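Read the structure below first, then the notes.
2 protein chains.
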Amino acid sequence: MSEHEDGIPPVLAAAWGLRERPVKGPRPGLTLERIVAAGVKVAATDGLGAVSMGRVARELGAATMSLYRYVTTKDELLELMVDAAIGQPPPVPPGGGWRAGLTSFARAYLDLLRRQSWVIRVPFNSPPIMPNQIAWMNYGLATMGGTALRQDERLFAIMIVSGIVRNWALLAADINAAAQAGGVTTEQAMFGYGRLLKRLADPARFPAVGELVASGVLETPEGPDDDFEFGLARFLDGLEALIRNRETP
Amino acid sequence: MSEHEDGIPPVLAAAWGLRERPVKGPRPGLTLERIVAAGVKVAATDGLGAVSMGRVARELGAATMSLYRYVTTKDELLELMVDAAIGQPPPVPPGGGWRAGLTSFARAYLDLLRRQSWVIRVPFNSPPIMPNQIAWMNYGLATMGGTALRQDERLFAIMIVSGIVRNWALLAADINAAAQAGGVTTEQAMFGYGRLLKRLADPARFPAVGELVASGVLETPEGPDDDFEFGLARFLDGLEALIRNRETP
DNA sequence: CCCTTCTGCGTATGTCATACGCTGATGCGT
DNA sequence: ACGCATCAGCGTATGACATACGCAGAAGGG
Numbered sequence: 032m033s034e035h036e037d038g039i040p041p042v043l044a045a046a047w048g049l050r051e052r053p054v055k056g057p058r059p060g061l062t063l064e065r066i067v068a069a070g071v072k073v074a075a076t077d078g079l080g081a082v083s084m085g086r087v088a089r090e091l092g093a094a095t096m097s098l099y100r101y102v103t104t105k106d107e108l109l110e111l112m113v114d115a116a117i118g119q120p121p122p123v124p125p126g127g128g129w130r131a132g133l134t135s136f137a138r139a140y141l142d143l144l145r146r147q148s149w150v151i152r153v154p155f156n157s158p159p160i161m162p163n164q165i166a167w168m169n170y171g172l173a174t175m176g177g178t179a180l181r182q183d184e185r186l187f188a189i190m191i192v193s194g195i196v197r198n199w200a201l202l203a204a205d206i207n208a209a210a211q212a213g214g215v216t217t218e219q220a221m222f223g224y225g226r227l228l229k230r231l232a233d234p235a236r237f238p239a240v241g242e243l244v245a246s247g248v249l250e251t252p253e254g255p256d257d258d259f260e261f262g263l264a265r266f267l268d269g270l271e272a273l274i275r276n277r278e279t280p
Numbered sequence: 032m033s034e035h036e037d038g039i040p041p042v043l044a045a046a047w048g049l050r051e052r053p054v055k056g057p058r059p060g061l062t063l064e065r066i067v068a069a070g071v072k073v074a075a076t077d078g079l080g081a082v083s084m085g086r087v088a089r090e091l092g093a094a095t096m097s098l099y100r101y102v103t104t105k106d107e108l109l110e111l112m113v114d115a116a117i118g119q120p121p122p123v124p125p126g127g128g129w130r131a132g133l134t135s136f137a138r139a140y141l142d143l144l145r146r147q148s149w150v151i152r153v154p155f156n157s158p159p160i161m162p163n164q165i166a167w168m169n170y171g172l173a174t175m176g177g178t179a180l181r182q183d184e185r186l187f188a189i190m191i192v193s194g195i196v197r198n199w200a201l202l203a204a205d206i207n208a209a210a211q212a213g214g215v216t217t218e219q220a221m222f223g224y225g226r227l228l229k230r231l232a233d234p235a236r237f238p239a240v241g242e243l244v245a246s247g248v249l250e251t252p253e254g255p256d257d258d259f260e261f262g263l264a265r266f267l268d269g270l271e272a273l274i275r276n277r278e279t280p
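Protein chains in written order, with the numbering used here: chain R, 32 to 280; chain A, 32 to 280.
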């Protein structure tokens, strides 16, 4: 009943290290950390779909129901897994200015999602509240320290940037998954998509799509992240214009 | 065995109207359209979580397994439901220029997602290929017709814009859902989030987050879509700068 | 030394997606 | 007019899964 904890859900308390070991009862054989780590391992090796309470428990040599002493719900476990997977953000590169900072934030986040592609498959259900999520949020906000942006503008700027990253990572993961499911390479999958579009989308009905297909961009894979960098740069250009405008009245 | 169909999955053929009624066998009592409509109805009234094959069948007075004559998988049904729900895009407002066009595209999409918030909960698994998805894509691309943008740049521009819309809609839906679950108003839920953050995120460890919390923006709800419009405007500013730059060499 | 508290977990329940195969309707070719 | 191939509807069965409930034994405090 310490004053830290009132009103805070137990998992949050645990995740933020606010929980004291209860003084009675047998020593726990499991730990929240070990459970979460086991979940991450399953997700990393066999995909998010393989993460079931039973499977995670088996990974630990424990029984399914034992996990529920540490987690009230599977969704809670997933949330903890995500937080463990994203980990501590890298340090803000010093002295680079806000634009370099936001760019490195975006690249680091993208890197992370690409390396652990199951993370983007976990559906969001709430605003960020877990420790490492907050740490990343702090990273993003910190890059804009000292700019002429209002706090709410900074918040939304990182929402936009991370949204761009997530969308790109999700698209890439989907294409990769489709490629793997069909037993072909990523390029072949993209090519197949272009062909499908050409077959189905009547250019008379969908002129703009027809132009797109005809241009052949779907068949010529560009550099890995050209489009990502394009979108990011456009947003940052717009932000830069606003900041400049504010600074020179 | 018409030459349209080779290599095209049956649901796609059905969705694009490429299927002929088989000439033998009993007359179907169900239709793909009716099944999809029933699914949409269930999702709209009781949420995406209530959509199960059994429930959709009950809605139609049919047996669960009957649906599998029209759909090979629940995921297929979901994809069809999404396409039905998004429907035909509104017409491109004439003569407004690309920026007005993209803005109206974004607003129309946001409106749609807000009105049918279950749609954003359906996980993506592939690039857009269903008829109405293509129609929306055509809408987005068409707004940029005649600009100095390359086709791949146009494609990514609408990916960014729709990503911004989806992220915003998802956040709003999450907050609303959390509010409803807690039996409070949306403002109270947002307020509670701010308080939670203040309690958990130590300003010494997370200075930028501390500043954000201290600024009070989390407690003062802004106009409904101010942040959305802010992010969208920044991106469009950046795009505009690029276009201008291309047009005046 | 007993009583409270807590851990691990066996069992049971209810929900789902979905495979398989039967029954009967339909209409084509003869 | 008839038989057969084809296809719709669906009953039954299976196998995952999340999770409620309650018991047995461990640990420490009084």
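Just so it is clear, CB atoms sit at the ideal spot from N, CA and C, and this is done for glycine as well. This structure is a prediction, so every number in the text was calculated from the model and none was measured.
Could you list which residues in chain R have their beta carbon closer than 9 Å to that of residue i, in chain order?
i                      : result
residue 224 of chain A : 157, 158, 160
residue 246 of chain A : 181, 182, 183
residue 136 of chain A : Within chain R, no residue comes near residue 136 of chain A; the closest Cβ sits about 12 Å away, beyond 9 Å.
residue 43 of chain A  : 227, 231
Mapping DSSP to helix, strand and coil, what is residue i?
i                      : result
residue 36 of chain R  : In this predicted model, residue 36 of chain R has a pLDDT of only 49, less than 50, meaning its place in the structure is not dependable; the value taken from the coordinates is given anyway. The answer is coil: DSSP assigns residue 36 of chain R none of H, G, I, E or B.
residue 236 of chain A : coil
residue 136 of chain A : helix
residue 53 of chain R  : coil
residue 130 of chain A : helix
residue 260 of chain A : helix
residue 96 of chain A  : helix
residue 167 of chain R : helix
residue 221 of chain A : helix
residue 160 of chain R : coil
residue 102 of chain A : coil
residue 272 of chain A : helix
residue 179 of chain A : coil
residue 211 of chain A : helix
residue 251 of chain R : coil
residue 73 of chain A  : helix
residue 124 of chain A : coil
residue 61 of chain R  : coil
residue 41 of chain A  : helix
residue 216 of chain A : coil
residue 85 of chain A  : helix
With a threshold of 16 other CB atoms inside 10 Å of the CB of residue i, please say whether the residue is buried or exposed.
i                      : result
residue 197 of chain R : buried
residue 60 of chain R  : exposed
residue 193 of chain A : buried
residue 83 of chain A  : exposed
residue 54 of chain R  : exposed
residue 33 of chain R  : At residue 33 of chain R, the pLDDT of 38 sits below 50, so the modelled position is not reliable and the matter cannot be decided from this model.
residue 174 of chain A : buried
residue 257 of chain R : exposed
residue 132 of chain A : buried
residue 265 of chain A : buried
residue 269 of chain R : buried
residue 116 of chain R : buried
residue 276 of chain A : exposed
residue 303 of chain A : The question about residue 303 of chain A has no answer, for chain A in this structure spans 32 to 280.
residue 46 of chain A  : buried
residue 114 of chain A : buried
residue 104 of chain A : exposed
Which bits of chain R does residue i rub up against, with CB to CB less than 8 Å?
i                      : result
residue 207 of chain A : In chain order: nothing, as chain R lies at least about 11 Å away.
residue 148 of chain A : Correct list: empty, because the minimum Cβ distance to chain R is about 13 Å.
residue 165 of chain A : 228, 231, 232, 237, 240
residue 173 of chain A : 238, 239
residue 141 of chain A : Within chain R, no residue comes near residue 141 of chain A; the closest Cβ sits about 13 Å away, beyond 8 Å.
Listing by chain order, which chain A residues have their CB less than 7 Å from the CB of residue i?
i                      : result
residue 198 of chain R : 190, 194
residue 133 of chain R : Per Cβ cutoff of 7 Å: no residues; residue 133 of chain R is ~12 Å from chain A at best.
Taking C-beta pairs closer than 7 Å, name the residues in chain R that residue i reaches, listed in chain order.
i                      : result
residue 129 of chain A : Result: empty, since nearest Cβ-Cβ is about 12 Å, beyond 7 Å.
residue 270 of chain A : 265
Taking C-beta pairs closer than 8 Å, name the residues in chain A that residue i reaches, listed in chain order.
i                      : result
residue 154 of chain R : 152, 154
residue 273 of chain R : 265, 268
Please compile the residues from chain A whose C-beta is within a distance smaller than 9 Å of the C-beta of residue i.
i                      : result
residue 48 of chain R  : Result: empty, since nearest Cβ-Cβ is about 10 Å, beyond 9 Å.
residue 144 of chain R : The contacting residues do not exist; residue 144 of chain R stays about 14 Å from chain A at best.
Original post:
Does the region 204–220 of chain R come close enough to the region 153–162 of chain R that 3 or more CB-CB pairs lie under 8 Å?
Top reply: no
Original post:
Okay, do the region 67–84 of chain A and the region 36–45 of chain A touch, 3+ Cβ pairs below 8 Å being the bar?
Top reply: The region 67–84 of chain A is not in contact with the region 36–45 of chain A.
**OP:** Spell out a yes or no on whether the region 220–230 of chain R and the region 195–210 of chain R are touching, meaning 3 or more CB-CB pairs, one atom from each, closer than 8 Å.
**Re:** yes
**OP:** Taking 8 Å as the threshold, find out whether the region 131–138 of chain R comes into contact with the region 83–99 of chain R through three or more Cβ pairs.
**Re:** no
Subject >> Inter-stretch contact (C-beta, 8 Å, three-pair minimum) for the region 140–154 of chain R and the region 96–104 of chain R >> reply: Two segments are said to touch when three or more pairs of C-beta atoms, one from each, lie closer than 8 Å; by this definition the region 140–154 of chain R does not touch the region 96–104 of chain R.
**OP:** Could you say if the region 163–182 of chain R and the region 228–247 of chain A meet the contact criterion of at least three C-beta pairs nearer than 8 Å?
**Re:** A contact exists between the region 163–182 of chain R and the region 228–247 of chain A.
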